[in-house]
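In what follows, a structure is listed as C-alpha cells, so that the remarks can point back to it.
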Amino acid sequence: MNKEFSVDPDVATAAMRAQWDQAARGWRESGAVIRPWLQQATQAMLGMAGVKPGAHVLDVAAGAGDQTLDIAKRVGPDGYVLATDLSPEILQFAAQQAAAAGHRNVETRASDGQNLQVEDTRFDAVVCRLGLMFFGDPLQGLREMARVLKPGGGICTMVFGSPQANPCVTTLMSTALGHAGLPPRDPFQPGGLLSLGKLGLIDDLFKGAGFREIATTSVAAPFHLPTVKDYMKFIRTSAGPIVEILKSLDGVKAEAAWADMEQVLSRYETATGWEGPNQLLLTAARKS
Ligand SMILES: C[S@@+](CC[C@H](N)C(=O)[O-])C[C@H]1O[C@@H](n2cnc3c(N)ncnc32)[C@H](O)[C@@H]1O
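Heads up, the final residue of the sequence shown is numbered 305 in our numbering, and it's a clean run with no missing numbers.
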C-alpha cells in the first residue's frame, strides 16, 4: 500500500486502465488537435532518445499511436517499433493507425509500464510521451525502461511541467474538483497530470533508475485553436482524469462544471484565436 495516500497500487492501476479504456476513442478522435500541439516536442523527443534508421524502439504508454507513427517513419523498414500501453482499448487504435500507414514493423502489446512484458536489453531506444506522470510508481517505470534498453541505449520521456506553467491544467483540475465537492489535490500526488512537474524530481527519478547523462529541457507547447470551445471539446472527449472527477455528478451539475471551466479559460482568447499556455519537460538520458 502507498501509505501517504492509502491507495492499493493494483487498484490504482486498474482504475487508470479503466479510465483510459474509456477515453481511448476520444483521444484517437482528437488526433487533429494532439498532432500539431505535440509535433515539435515529439520530434525533439525522438532526436534526444536517438531514434534513427534501423533502430529498435520501445514506445511506452503509446496511446492511440500518434508518436508511434513518427517513430516508425524515422526507423524505416529496417527498424522496429513495439508500442505498449496499459489500456488495450487505446492500443487497438495504435495498431490500426500503424497498419493504415503501411508500417509492417510496428507491433503492439498491452503492458503496464511498471511491469513491462519485454525481455532484457532488447531495445536501442525507449520513449514515453505524456505517460510517465500517470504511473503510481514512476521510479519503477524508469527501472523497467532501463532494464529493456541495451547498454548505451537512449531514453527520452515527455511529461507536463510545473503547475505555474500549466495554468489550463490547474484550472481544469481545481474547477472540476470544486464542482464535484472534492478537496484540492496536491498537484504532485503520484499518478496526477502534473505529478512530475516539481523542479528536479524527474532528474532524481532518472538517477534512481541508474541512468547517466541526464538532461531535462523545458519546452513551451501552447495550444493554438480557433476558440476556447475547441479546447473544451478536446478535454471533454480525451482528458480521462478530468472526466473521471466529474463522473459522480448528474448531467446538469456536470454541464455547469464544464461551463465554468470554459468561462475561466476564455481568458486565453486572443484576436487571432485561443492560445492556451502549456509547458512540457523532455528528459533524456543514456543507459550505462
Ligand atoms: C495522455 S495519453 C498519451 C498517449 C500517447 N503517448 C500520446 O502522447 O498521444 C496517456 C497514456 O498513458 C497510458 N498509461 C497510463 N498509465 C500507464 C501505465 N502504468 N503503463 C502504461 N501506460 C499507461 C494510458 O493508457 C494512456 O494511453
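Just so it is clear, CB atoms sit at the ideal spot from N, CA and C, and this is done for glycine as well.
I need the boundaries of the alpha helix (DSSP H) containing residue i, first residue and last residue.
i    : result
H73  : Element bounds for H73: not the alpha helix (DSSP H) but the beta strand (DSSP E), 73 to 77.
D141 : Unbroken run through D141 is the beta strand (DSSP E), 140 to 146; no alpha helix (DSSP H).
M175 : Element bounds for M175: not the alpha helix (DSSP H) but the beta strand (DSSP E), 166 to 177.
H196 : 184 to 196
L63  : 48 to 66
G225 : 218 to 225
E261 : 257 to 263
A89  : 83 to 92
So residue i and residue j are supposed to be a Cβ contact under 8 angstroms. How far apart are they, rounded?
i    : j    : result
G209 : M150 : 7 angstroms
Q114 : G82  : 5 angstroms
P243 : W275 : Contact flag wrong, Cβ pair sits at about 18 angstroms.
K145 : G293 : Checking the sequence shown, residue 145 turns out to be Cys, not Lys. Contact doesn't hold; Cβ gap of about 23 angstroms is too wide.
M162 : L299 : Rounded, the Cβ-Cβ distance is 15 angstroms, inconsistent with contact.
I88  : V68  : 6 angstroms
I262 : A197 : 5 angstroms
A66  : V143 : 7 angstroms
K304 : G170 : 5 angstroms
Quick one: residues in its chain with C-beta nearer than 6 angstroms to the C-beta of residue i, no 5 flanking neighbours on either side, listed in chain order?
i    : result
R253 : none
E124 : L99
D95  : G71
F228 : A302
L108 : D102, T125, A127
P204 : P180, L211
H73  : Y97, F140, D141
D277 : T192
To which residues of the same chain is residue i closer than 7 angstroms at the C-beta, ignoring the five residues directly before and after it?
i    : result
Q134 : R126, S128
S104 : R34, W37, D38, A41
T289 : none
H241 : G290, E292
Could you give the distance in angstroms between the alpha-carbon of residue i and the alpha-carbon of residue j?
i    : j    : result
V24  : G153 : 9 angstroms
Y248 : L159 : 31 angstroms
N295 : V28  : 30 angstroms
L166 : G195 : 43 angstroms
P168 : E136 : 14 angstroms
P180 : Q60  : 24 angstroms
M62  : A78  : 14 angstroms
D38  : R91  : 28 angstroms
L199 : S265 : 11 angstroms
Q280 : R139 : 49 angstroms
A49  : L218 : 32 angstroms
N122 : A238 : 30 angstroms
A301 : L213 : 14 angstroms
Y97  : L55  : 22 angstroms
D220 : P155 : 12 angstroms
T187 : I259 : 11 angstroms
Q157 : T287 : 42 angstroms
Q57  : V236 : 9 angstroms
L216 : Q206 : 14 angstroms
A32  : H120 : 32 angstroms
E46  : F177 : 21 angstroms
E230 : R164 : 17 angstroms
S255 : W44  : 5 angstroms
A117 : L75  : 20 angstroms
Q131 : T30  : 10 angstroms
A273 : T85  : 37 angstroms
So with Cβ pairs under 9 angstroms, would you call residue i a contact of chain C?
i    : result
V281 : Included in the structure is just one protein chain, with no chain C present.
Mind checking who residue i pairs with in its DSSP beta bridge?
i    : result
E272 : Answer is none; E272 lacks a bridge partner.
R126 : T101
E286 : W291
Under DSSP, the beta strand (DSSP E) around residue i begins and ends at which residues?
i    : result
T152 : In the sequence as displayed, the identity of residue 152 is Phe instead of Thr. From DSSP, F152 is part of no beta strand (DSSP E); its letter is neither H nor E.
K304 : 296 to 304
S235 : 228 to 237
F240 : 240 to 242
Looking only at its own chain, which residues have a Cβ that is under 8 angstroms from the Cβ of residue i, when we skip the five neighbours before and after it?
i    : result
Y285 : C185, V245, W291, E292, G293, P294
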